[in-house]
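K.L.:
There are 2 protein chains.
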Amino acid sequence: MTIRTPQPARSIADLSTPAVVVDIDALEHNLAAMSERLPGALLRPHVKAHKSTALAALQHQHGHHNFTCATVREMIGMATMITIAVDSDATVDAAARAGIKHVLIDVNIGLPRCGCAPHDAARLAERARTKGIVVRGVMGYEGHLMVNENRATQQTDTLAAMDVLRAAASEVGGDVMSAGGTGNYDVHASHRTTTGVTEVQAGSYALMDTYYSTLGLPFRQALSIVGTVVSSHDKWAVADVGLKSLGMDHGDPTIADHKVWFCSDEHITFATEKSADAATRTPQPAVGTRVRIVPAHVDPTMAMHEHLWLVRGDEVLDRLPIDLRGW
Amino acid sequence: MTIRTPQPARSIADLSTPAVVVDIDALEHNLAAMSERLPGALLRPHVKAHKSTALAALQHQHGHHNFTCATVREMIGMATMITIAVDSDATVDAAARAGIKHVLIDVNIGLPRCGCAPHDAARLAERARTKGIVVRGVMGYEGHLMVNENRATQQTDTLAAMDVLRAAASEVGGDVMSAGGTGNYDVHASHRTTTGVTEVQAGSYALMDTYYSTLGLPFRQALSIVGTVVSSHDKWAVADVGLKSLGMDHGDPTIADHKVWFCSDEHITFATEKSADAATRTPQPAVGTRVRIVPAHVDPTMAMHEHLWLVRGDEVLDRLPIDLRGW
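Protein sequences, first through last, are from chains A and B. Following this note's numbering, the numbering of the first sequence begins with 148 at its first residue and continues without gaps. Following this note's numbering, the numbering of the second sequence begins with 148 at its first residue and continues without gaps.
Laid out in structure tokens, this is it:
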């Protein structure tokens, strides 16, 4: 990885907070661990998790040349040659009107969200082809199976979902069968010769969050939000990182060796772990102390910030724009 | 209110989604209802709730010339003459170093967040005065009392918190005693002659969200996020408004006459209310249908968007920048 030398070199202590920081060693580890297991075109990294073309370029350096986007904003940022997922007459027709050349048929394989009924996939593919669109294959996202501490059950459920997707794929034609995510990427890596899955759409693996922490995945926490303590009390302290700089849908963030009490719009109230025991009370961090806060959900967190800081320990190496931020 | 005539006039159907829309009649109602009860300097509107200097200008037109900011970003956008809240030696000293001329002593009155211990307020005021800073008075935020369906208890608790704040105010000196919010603004309006509160820091009243809906306040829902249905199924539909365009810490948003199932990064899965009853099943909205989604928490929602659309019914009247977005 080529890192521009900042002028002057800076420490985390110099950053304006809240600041997104990405540990470069953890990031490198995650990109390497994934590309070893799902090299090249077997992984289609999801840019919605980091929202940064600079990080996408790093994934490209690790051999992944195809990317997944969730929104038009992300596509415009990433645009080279685009394949669109369609799941209805209306979306096929819209793709045709927009001059889209390539589509995947998005098939519902259990998550109540997008994706056509499996039995309708072949009909939609035919509709697209009659409009001159190349149907490259199918995608399905088993998002309801991403987090299951019983990983044997997760594997069984994933393979059952892939049976549904493979049946649709055989009726649709094309050579792409895209599925999966960070939570079951290894199931796909181990079983792809039987499932027929040609690529995995994982995003969170690069930066990670606490949502996947129960699965024993080999990825490290690269992302944290640095905050500054702005108010310190006998039993708690308050830092300047709140609901407007943290994705909250997966619950409260965590701070190592501290207990998070609650988050407000611009604040987080937390305490040192031993503070409930008055006899051995540890002092709360003083005003000005930097704290690293790990969000429960990486994707909406990144969407809120304008840039991230690549760091090693407390040393700041570079600033990268989160140029696809928003939705 | 002076509304610029858009060229050409547009409908909600023309907006790119997700789009923040603010019903102009509800907004006008809310601003008028509040300024009638807390006229002029009795209200210090909190800009963190809408993040827009254009909306602040409307509040200014309603007679409120003093505003509350939560962050430096908001202050820079609103800056004229600034009073800073301080609650520790470190923040007093930082204010002095920054050349701040006026401060309030922020007193903790029950919410475990910012604010000094009440018995420490006078000492901090003295420290500030020795550094040449004018201490204008005190502020305290009883945020833990904002939502209580038992409004009699809420009133009792609010008045008890004001007893604490008033005692600190008498020791601090100055002529400002700032407290309260949207959830108990009426308690403050009714009791200010006994509490001594000189101004209320309310923000949510202008746009509103579902968090305050149980209190029977006279404010109307002015804010909604317009989405477009992108996938429609037998039992559910999916629109393009998700975690990256909704504040989620107060729970799922609502859609009138529909049940929200869950939100994903860029999507919301929902169903018509009767869809569980197969005999009388109502069709789900078709792809392309516009839906209005009301977030549970207005402040972090506004922080995610670049502009809002002033609307009346489905007619779009104007676009206003959310220029203080972020934190």
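We put the CB at the ideal spot given by N, CA and C, even for glycine.
#1: Candidates A:HIS207, A:ASP172, A:ALA201 and A:ALA173: which alpha carbon is nearest A:LEU189's?
#2: Round the Cβ separation of A:VAL254 and A:ALA242 to the nearest angstrom and send it over; I've been treating them as touching at under 8 Å.
#3: Less than 8 Å between CB atoms is the rule here; does A:TRP474 satisfy it with respect to chain B?
#4: Whose C-alpha, out of B:ASP356, B:THR361, B:LYS382 and B:ALA384, is nearest the C-alpha of B:ILE372?
#5: Below 8 Å on the Cβ atoms is my contact criterion, and I expect B:ALA314 with B:GLY287 to pass it. Report the Cβ-Cβ distance as a whole number of Å.
#6: Taking all protein chains shown into account, do 16 or more other C-beta atoms lie within 10 angstroms of the C-beta of B:PRO432, making it buried, or fewer, making it exposed?
#7: At a Cβ threshold of 8 Å, is A:LEU390 touching chain B?
#8: Can you give the Cα-Cα distance for B:VAL281 and B:MET225, rounded to whole angstroms?
#9: Is there at least one Cβ from chain A nearer than 8 Å to B:VAL385's Cβ?
#10: Any C-beta of chain A within less than 7 Å: which residues of the stretch 392 to 420 of chain B qualify?
#11: Against chain A, with Cβ distances strictly below 8 Å, would B:PRO432 count as a contact?
#12: When the Cα atoms are used, what is the spatial distance from A:ALA484 to A:VAL233?
#13: Using the three-state DSSP reduction, which class does A:LYS248 fall into: helix, strand or coil?
#14: Among A:ARG157, A:THR342 and A:ASP240, which has the Cα closest to the Cα of A:LEU306?
#15: For chain B, find out if any of its Cβ atoms is closer than 8 Å to the Cβ of A:ALA125; answer yes or no.
#16: Measuring only the C-alpha atoms, how far is A:SER411 from A:ASP387?
#17: Kindly list, in the order they appear in chain A, the residues whose Cβ is closer than 7 Å to that of B:PRO447.
#18: For a quick check, are the C-beta atoms of A:TRP474 and B:PRO468 less than 8 Å apart?
#19: Measure how close the beta-carbons of B:ASN177 and B:PHE366 come, nearest whole angstrom, since I'm counting them as under 8 Å.
#20: Would you report the Cα separation of A:VAL294 and B:HIS405, rounded to the nearest angstrom?
#21: Would you say the beta carbon of B:GLU296 is closer than 7 Å to some non-hydrogen atom of the ligand NAD?
#22: Do you know offhand how far A:MET451's Cα is from B:VAL167's?
#23: With respect to the beta strand (DSSP E) encompassing A:ILE231, which residues constitute its N-terminal and C-terminal limits?
#24: Taking Cβ-Cβ distances below 8 Å as the criterion, which residues of the stretch 315 to 333 of chain A are in contact with chain B?
#25: Below 7 Å on C-beta distance, what does B:ASP234 contact in chain A?
#26: If we cut at 8 Å on Cβ distances, does B:THR341 have a partner in chain A?
#27: When you check each C-beta in the stretch 255 to 272 of chain A against every C-beta of chain B, which residues fall closer than 7 Å?
#28: So which of A:ILE171, A:ILE247, A:ASP170 and A:ALA196 has the shortest CA-CA distance to A:ASP470?
#29: Assess contact between the stretch 413 to 421 of chain B and the stretch 316 to 335 of chain B, defined as three or more Cβ pairs (one per stretch) separated by less than 8 Å. Is contact present?
#30: Starting from A:ALA336, follow its DSSP beta bridges and name the residues at the other end.
#31: Can you look up B:ASP236 in the DSSP assignment and give me helix, strand or coil?
P.N.:
Quick answer:
#1: Looking up residue 189 of chain A in the first sequence gives position 42. Here the closest residue by C-alpha is A:HIS207.
#2: Within the first sequence, residue 254 of chain A is the residue found at index 107, counting from 1. Within the first sequence, residue 242 of chain A is the residue found at index 95, counting from 1. Incorrect: roughly 16 Å between the Cβ atoms, too far for contact.
#3: In the first sequence, counting from the first residue as 1, residue 474 of chain A sits at position 327. It does; some Cβ of chain B falls within 8 Å.
#4: Against the second sequence, residue 372 of chain B aligns to sequence position 225. When each option's Cα is compared against that of B:ILE372, the closest is B:ASP356.
#5: Taking the second sequence and counting its residues from 1, the one referred to as residue 314 of chain B is at position 167. Taking the second sequence and counting its residues from 1, the one referred to as residue 287 of chain B is at position 140. B:ALA314 to B:GLY287, Cβ: 11 Å. No contact.
#6: To locate residue 432 of chain B, count along the second sequence from 1; it is residue 285. Buried, since its Cβ has 16 or more Cβ neighbours within 10 Å.
#7: Indexing the first sequence from 1 puts residue 390 of chain A at position 243. Answer yes: the Cβ-Cβ gap between A:LEU390 and chain B drops below 8 Å somewhere.
#8: For this step, residue 281 of chain B is matched to residue 134 along the second sequence. For this step, residue 225 of chain B is matched to residue 78 along the second sequence. Near 21 Å, if we compare the C-alpha coordinates of B:MET225 and B:VAL281.
#9: Position 238 of the second sequence holds residue 385 of chain B. Interface annotation, B:VAL385: in contact with chain A, CB-CB separation under 8 Å.
#10: SER392, GLY394, MET395, ASP396, TRP408, CYS410, SER411, ASP412, GLU413, HIS414 and THR416
#11: Along the second sequence, read from residue 1 onward, the residue named residue 432 of chain B stands at position 285. Cβ-Cβ to chain A under 8 Å: no for B:PRO432.
#12: Not covered by the structure: residue 484 of chain A. The range shown for chain A is 148 to 474.
#13: Sequence index remark: in the first sequence, residue 248 of chain A carries index 101 (1-based). A:LYS248 falls in the coil class under three-state DSSP.
#14: Stepping through the first sequence from its first residue, residue 306 of chain A is reached at position 159. Taking only the C-alpha atoms, the option nearest A:LEU306 is A:THR342.
#15: Nothing about residue 125 of chain A can be reported from this structure: the residues present for chain A run from 148 to 474 only.
#16: Here the question's residue 411 of chain A lines up with position 264 in the first sequence. Here the question's residue 387 of chain A lines up with position 240 in the first sequence. Approximately 10 Å, taken between the alpha carbons.
#17: Along the second sequence, one-based indexing puts residue 447 of chain B at 300. Under the 7 Å cutoff, chain A gives LEU390, LYS391 and ASP412.
#18: Walking along the first sequence from the start, residue 474 of chain A turns up at place 327. Walking along the second sequence from the start, residue 468 of chain B turns up at place 321. Not in contact: A:TRP474 and B:PRO468 (Cβ atoms no closer than 8 Å).
#19: The sequence position of residue 177 of chain B within the second sequence is 30, counting from 1. The sequence position of residue 366 of chain B within the second sequence is 219, counting from 1. B:ASN177 to B:PHE366, Cβ: 5 Å. Contact.
#20: Counted from its first residue, the first sequence places residue 294 of chain A at position 147. Counted from its first residue, the second sequence places residue 405 of chain B at position 258. Near 28 Å, if we compare the C-alpha coordinates of B:HIS405 and A:VAL294.
#21: Summarising the ligand content, the structure contains no ligands, and the ligand NAD is consequently not present.
#22: Numbered from its first residue, the first sequence carries residue 451 of chain A at position 304. Numbered from its first residue, the second sequence carries residue 167 of chain B at position 20. Approximately 16 Å, taken between the alpha carbons.
#23: To locate residue 231 of chain A, count along the first sequence from 1; it is residue 84. Looking at the DSSP string, the run of the beta strand (DSSP E) that includes A:ILE231 is 230 to 233.
#24: none
#25: On the second sequence, residue 234 of chain B is found 87 positions in, with the first residue counted as 1. What B:ASP234 touches in chain A: SER378.
#26: In the second sequence, counting from the first residue as 1, residue 341 of chain B sits at position 194. False, the Cβ-Cβ gap to chain A never drops below 8 Å.
#27: The stretch 255 to 272 of chain A vs chain B, Cβ under 7 Å: PRO259, ARG260 and CYS261.
#28: Translated into the one-based positions of the first sequence, residue 470 of chain A becomes position 323. A:ASP470 has its Cα closest to that of A:ALA196, out of A:ILE171, A:ILE247, A:ASP170 and A:ALA196.
#29: no
#30: In the first sequence, residue 336 of chain A corresponds to position 189, counting from 1. Looking at the DSSP assignment, A:ALA336 forms no beta bridge with any residue, so it has no partner.
#31: Along the second sequence, read from residue 1 onward, the residue named residue 236 of chain B stands at position 89. In this structure, B:ASP236 counts as helix in the three-state DSSP scheme.
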